Amino acid sequence: MTVFQSAAVPFTSHEAHATLRDACRVAGLASDDARLIRLGENALFVLAVERVVVRIARSVDVLDDARKEVAVSAWLHEAGLPAARTTHHAQPLIVRDRPVTFWHFIENDGGSAALVDLAEVLRVLHQLSVPADLALPEIDILGRVAERISSTEVLSDEERRFLLRKERELRTAYEALNFPLAACAVHGDAHSDNLIKATDGTMVLIDLERFAFGPPETDLAVTAIEHSLGWGTCAEYDQFAERYGFDVLTWEGYPVLRDINELKMTTWLMQNVSEDEAIADEFRNRLFCLQNPDVPRQWRAF
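In terms of the working numbering, the sequence shown opens at residue 54 and continues consecutively.
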């Protein structure tokens with residue numbers, strides 16, 4: 054369903070709020086109490102009274118991912134793996150040229166999922182048989198990266214050439230890897246913030262838009278890079294690897310996945326430099342590290 058289409062404008066928090074208001078009018082949801090909980094690849098709003106989370110993607114170019122996210126949610130529930138659930142609304146909507154989906158709010162008491170919980174969820178996920186009619190795409194581990202680099206206005210010409218060259222080099226290096234684990238359904242952005250501990254203790258998987266079929270090492274490398282950056286303890290990572298049954302850090306191909314994740318993390322943050330001075334400073338810090346590979350990584354989490 055397509056409504057309120059308009060010319061593409063930058064995806065700022067102001068534009069996200071405007072899209073939210075239009076989408077909620079169409080869906081018949083009250084948005085007066087809407088609270089922005091995250092602005093990243095998507096804008097996420099919670100409607101406290103409605104107990105609904107509204108997810109707004111940056112561009113209609115990712116409409117297929119929004120459709121896939123809805124389908125994956127249904128599949129995971131049928132398979133018995135707790136995951137975010139869509140509301141009854143026909144979706145995704147396209148509002149102001151942006152895909153919008155609606156999700157049941159996951160009741161929680163603020164407790165965080167541990168890395169060992171993530172390991173268990175990934176272990177189960179990676180063992181699931183993928184139904185043929187789901188048609189998961191092959192993983193594009195560098196998907197959207199070149200587009201971010203090409204479209205942004207915050208890079209100099211030299212910086213843009215550097216990042217695009219790095220993206221091409223890493224894509225080539227990735228294609229040459231020999232993965233030891235069998236390909237399967239992968240989450241595509243498997244960090245612990247995408248796992249919510251519900252009030253009843255259930256671990257609920259969220260953020261399903263990057264689901265694909267590919268090497269499970271790509272999911273495991275997300276936690277490994279965060280461990281390498283000091284975002285957590287060695288004991289927590291060791292428990293993660295032990296619970297899953299494989300330590301991706303010991304695999305000779307891991308440095309390629311590490312470098313890919315560093316590039317993705319940098320270009321992801323680059324999208325929001327106009328929102329906050331701290332984000333802009335951290336983006337410059339990350340870019341400097343990419344340009345100087347031997348510099349110690351002192352990265353802040355966002």
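The C-beta atom is built at its ideal place from N, Cα and C for all residues, glycine as well. A quick note: this is a predicted structure, and the numbers were derived from the prediction, not measured.
Exercise. Going along the chain, which residues of its own chain have a beta-carbon closer than 7 Å to the beta-carbon of Gly164, five neighbours each way excluded?
Worked result: Lys250
Problem set entry | Ile278 - containing alpha helix (DSSP H), residue span | Glu270 to Ser281
For this session: Note the first and the last residue of the continuous beta strand (DSSP E) segment covering Ile147.
Result: Leu146 to Val148
For this session: Rounded to whole angstroms, what's the CA-CA distance from Asn345 to Gln351? Just pull it up for me.
Result: 13 Å
Problem set entry | Burial state of Val62 (16 or more Cβ within 10 Å) | exposed
Exercise. Going by the CB atoms, is the gap between Arg108 and Ala96 shorter than 9 Å?
Worked result: yes
Exercise. Any idea what DSSP makes of Leu316, helix, strand or coil?
Worked result: helix
Exercise. What is the DSSP secondary structure of Thr72, counted as helix, strand or coil?
Worked result: helix
For this session: Report yes or no: do the stretch 201 to 216 and the stretch 227 to 241 share at least 3 C-beta pairs separated by less than 8 Å?
Result: no
For this session: Quick one: residues in its chain with C-beta nearer than 6 Å to the C-beta of Asp395, no 5 flanking neighbours on either side, listed in chain order?
Result: What is shown of the chain runs 54 to 355, which leaves residue 395 out entirely.
For this session: Tell me the start and end of each unbroken alpha helix (DSSP H) in the stretch 103 to 151 that is at least 4 residues and wholly inside, in chain order.
Result: 116 to 132
Problem set entry | Residue from Val198, Ala235 and Val207 with nearest C-alpha to Leu223 | Val198
Problem set entry | Under 9 Å between C-beta atoms of Gln324 and Glu94 | yes
Exercise. Can you tell which of Arg120, Val99 and Asp193 has the C-alpha that lies nearest to the C-alpha of Gly267?
Worked result: Asp193
For this session: Please name the residue, chosen from Pro184, Ala172 and Trp321, that lies closest to Leu365 on a Cα-to-Cα basis.
Result: With the chain represented from 54 up to 355, any question about residue 365 goes unanswered, as that position is not in the structure.
For this session: Take Ile147 as the anchor and find which of Leu129, Ala166 and Val115 has the nearest alpha-carbon.
Result: Val115
For this session: Check the C-beta distance from Val169 over to Met256 and give it rounded, since I have them as a contact under 8 Å.
Result: Rounded, the Cβ-Cβ distance is 10 Å, inconsistent with contact.
Problem set entry | Contact check, Phe64 vs Arg151, beta carbons under 9 Å | yes
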